[in-house]
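**Q** Residue numbers (the working numbering): 379 to 923. Backbone N, C-alpha and C fix where the C-beta goes; we use that ideal spot for every residue, glycine too.
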Amino acid sequence: MALFEDMPKAATLPSRGTGRPQRRAGLPKMEDFTFDSFEMLYSGTVDKIKSHKMNLNIKEELRKLREETNVDSIRQELDRERTKRLDLEQKMNDLLKNTLEDSPPQIPRKQQSSPNNATAEKQQKEVWSSRLQKWLYERFGVYLEGFQFQPEESTVEAEEPLSAKRLTENMRRLKRGARPVTIFLRNLSALSNWHSVYTSAIAFIIYMYAAWHGWAIPMFLFLAILRLSLNYLIARGWRIQWSIVPEVSEPLQEPPKEDLTVSETFKLVLDVAQKAQNLFGKMADVLEKIKNLFMWVQPESTRKLYICLWIVFITSCLLPYKLMGFMMGLYAGIKFFIIDFLFKSCPKLRDKYDTPYIVWNSLPTDPQLKLSAVEKIQPVASRGSLATVPCGVSREEETGRYHSTKKGAFHEVFSVPESERPLPVCENGWRCCLINRDRKMPTDYIRNGMLYVTENYLCFESSSSRSNASKKNKVIKLVDITDIQKYKVLSVLPGSGMGISIATPSTQKPLVFGAMIHRDEAFEAIFTQYMKIMTTSKPPSSTEL
379 MALFEDMPKA ATLPSRGTGR PQRRAGLPKM EDFTFDSFEM LYSGTVDKIK
429 SHKMNLNIKE ELRKLREETN VDSIRQELDR ERTKRLDLEQ KMNDLLKNTL
479 EDSPPQIPRK QQSSPNNATA EKQQKEVWSS RLQKWLYERF GVYLEGFQFQ
529 PEESTVEAEE PLSAKRLTEN MRRLKRGARP VTIFLRNLSA LSNWHSVYTS
579 AIAFIIYMYA AWHGWAIPMF LFLAILRLSL NYLIARGWRI QWSIVPEVSE
629 PLQEPPKEDL TVSETFKLVL DVAQKAQNLF GKMADVLEKI KNLFMWVQPE
679 STRKLYICLW IVFITSCLLP YKLMGFMMGL YAGIKFFIID FLFKSCPKLR
729 DKYDTPYIVW NSLPTDPQLK LSAVEKIQPV ASRGSLATVP CGVSREEETG
779 RYHSTKKGAF HEVFSVPESE RPLPVCENGW RCCLINRDRK MPTDYIRNGM
829 LYVTENYLCF ESSSSRSNAS KKNKVIKLVD ITDIQKYKVL SVLPGSGMGI
879 SIATPSTQKP LVFGAMIHRD EAFEAIFTQY MKIMTTSKPP SSTEL
């Protein structure tokens, strides 16, 4: 480098005439340089590079040393702080322990390092436990969230307002939903009744073969799978229809109208309410009979069930379940295909020997229990008068002759012969409202009470509690009736009405017994008894009122 600095500055510039560069004046020629000069130049350059590299390494080492010194100082400060904190915690723990034990702290100097180690181990355990909890939560937290116990929130569902359209649609939905069950029960009944001899015979042979080999349960499971497979094919568009009993096509129902008049709405609600009433009545009868069977309401029927349960229990303890299942399967097949068919074909045989049928029919419902309790109380109240009943009179005639109303004996209330009693269809009477259109006074125009029909009379008992209430009672001879018709009190209401019109010679306008819930039943009973009397050659004599 020094050699180059001592050399005179020269530049090689191209000549104008030729393309060769020309040497400036004062520069040495290449021939003037020797090997020694080049060696000196190379060695000087290498020395300078080494010295520069050494300076750079020294600077880097100084920088690293400075950084390490700062890190070490920080670590030392952190260790000192940690040691102070651990010492403070140990002192606080010792102080609390000594306070509880009422003894001064005694900590030797040699053992001051052991609490620090115990605390470090404790912290390490806490770190491991936290890591373990975190790992468990990441793996199983999703599944454990479903087991969190929370108080159940009581939500009150808003009830829909009464709507004739909604009520009709719900009844139709119920009918459509129960249709598969009714079809299944109808097919079972057809199998039991041998509606199709070939089908029932094949089913009986297959079932008995399966029960004999102990395949009854697998057979039922296979039939369930087959039914689901057929339903899948039907859902995919296949037309598969098979039934033992041909299905009866239901009449097409008109779609519900959007806007109904008041009379149409009222009639629709009445029809649906009647169906719901009958359905709920049948369901209530079944549930009440089951409840009364298990509550020993009728001890004779419950005793049979009690003995059967004991027999089945003892048999299950002694016999193996395979043999017991075999016996039950055979009995079920014989009972379903043969015994039930004989009982249904011979009703008299069924009434004598079909024990389940007899027990079920003999079970009373709650209304029947109340009625029987009332019937038991009434003979006790009139035991003195019954003692004078002549011999040879049947129990039915005996109770009918002394039938009493709420205000006394029947024949005394209406001043009729003692032989007159209400017919069995109206033993408790029909609640109704008597409309006497000949009277103009409001008190005499409408009377509430009970209507009875006997063999020769139509009797109305007023429910008024006044002293002259007996004068408001109405007694009509059936032979005096000139016309009897169903009557509609208000023409605005839909349907055929809830009243009966009775015309007699003593009244200018027919008497109307309205607001009768069982109007059709009452009309049929009155009209039947009226026609029976009118068709007789000689009407029975009766005392004049």
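1) Taking the alpha carbon of F838 as the reference point, which residue from I878, Y865, T860 and P734 has its own alpha carbon closest?
2) Going by beta carbon distance, what residues of the same chain come within less than 6 Å of C804, once the five residues before and after it are set aside?
3) In terms of residue numbering, what span does the alpha helix (DSSP H) encompassing A881 cover?
4) Sorted by chain position, which residues of the same chain lie with C-beta nearer than 7 Å to T860's C-beta, five sequence neighbours on each side aside?
5) On the CB-based measure, 16 or more other CB atoms within 10 Å of its CB, does M894 come out buried or exposed?
6) Does the contact criterion of 3 or more C-beta pairs under 8 Å hold for the segment 596-615 versus the segment 732-746?
7) Please classify V575: does DSSP put it in a helix, a strand, or coil?
8) DSSP three-state call for S627: helix, strand or coil?
9) Provide the residue(s) that pair with E839 in DSSP beta bridges, ordered along the chain.
10) What does DSSP give as the partner residue(s) for C810 in the beta ladder?
11) Mapping the DSSP letters down to three states, classify D732 as helix, strand or coil.
12) Looking at K864 and F901, is the spacing between their C-beta atoms short of 8 Å?
13) Once the 5 residues before and after S627 are set aside, which same chain residues still bring their CB inside 8 Å of it?
14) Cβ of Q676 within 8 Å of Cβ of S740?
15) Taking one C-beta from the segment 655-671 and one from the segment 717-728 each time, how about it: are there three or more such pairs within less than 8 Å?
16) When you compare the segment 566-584 with the segment 681-696, are there three or more beta-carbon pairs, one atom per stretch, that lie closer than 8 Å?
17) To the nearest angstrom, how far is the alpha carbon of S841 from that of V853?
18) Tell me, to the nearest whole angstrom, how far the beta carbon of F715 is from that of S578; I am working on the premise that it is less than 8 Å.
19) What residue range does the alpha helix (DSSP H) around Q619 cover?
20) Whole angstroms are fine: how far does the CA of E666 sit from the CA of D744?
21) Over the uninterrupted beta strand (DSSP E) stretch that includes Q863, give me the two end residues.
22) My output table needs one value for L889: the three-state DSSP class, helix, strand or coil.
23) So what does V853 bridge to, in DSSP terms?
24) Is the segment 643-656 close to the segment 581-599, with three or more CB pairs under 8 Å?
25) Do you know offhand how far K754's Cα is from Y709's?
26) Can you have a look at G519 and say buried or exposed, based on whether 16 or more other CB atoms are within 10 angstroms of its CB?
27) Less than 8 Å separating the beta-carbons of I862 and I904?
28) Assign A536 to one of three DSSP states: helix, strand, or coil.
29) Quick one: is L836 buried, meaning 16 or more other Cβ sit within 10 Å of its Cβ, or exposed?
30) What are the boundary residues of the alpha helix (DSSP H) that includes E899?
31) For F598, which option in L611, N609 and A581 has the closest C-alpha, if you only look at C-alpha atoms?
32) I'd like the list of long-range same chain contacts for K850, defined as Cβ closer than 7 Å, with 5 residues on each side in sequence excluded.
33) Under the rule that 16 or more other beta-carbon atoms within 10 Å means buried, what is S508, buried or exposed?
34) Does any CB atom of chain C fall closer than 8 Å to the CB of V505?
35) Applying the 10 Å Cβ sphere with the 16-neighbour rule, what's the burial state of V791?
36) Below 8 Å between beta carbons: does that hold for W674 and T680?
**A** Taking the geometry as given:
1) It is I878.
2) Correct list, in chain order: Y830 and V831.
3) From DSSP, A881 is part of no alpha helix (DSSP H) but of the beta strand (DSSP E) over G877 to A881.
4) A881, T882 and P883
5) Buried: at least 16 other Cβ atoms inside 10 Å.
6) no
7) helix
8) Note that S627 scores a pLDDT of 49, beneath 50, so its modelled location is shaky; the value from the coordinates is reported in the next line. For S627, the three-state secondary structure derived from DSSP is coil.
9) M828
10) G827
11) coil
12) yes
13) Reliability fails at S627, whose pLDDT of 49 lies under 50, so the model's placement of it is uncertain and the value that follows must be treated cautiously. Around S627: no qualifying Cβ.
14) Result yes, Cβ atoms of Q676 and S740 sit closer than 8 Å.
15) no
16) The segment 566-584 vs the segment 681-696: no contact.
17) Answer to the nearest angstrom: the Cα atoms are 15 Å apart.
18) With a Cβ gap of about 7 Å, F715 and S578 count as contacting.
19) No residue range can be given for Q619, since it is assigned to no alpha helix (DSSP H) and is classified by DSSP as neither H nor E.
20) 7 Å
21) D861 to Y865
22) Strand at L889.
23) C837
24) no
25) 42 Å
26) With fewer than 16 Cβ atoms within 10 Å of its Cβ, G519 is classed as exposed.
27) yes
28) coil
29) buried
30) R897 to T913
31) A581
32) R825, S840 and S842
33) exposed
34) Absent from the structure is chain C; it holds one protein chain and no more.
35) So V791 ends up on the buried side.
36) yes
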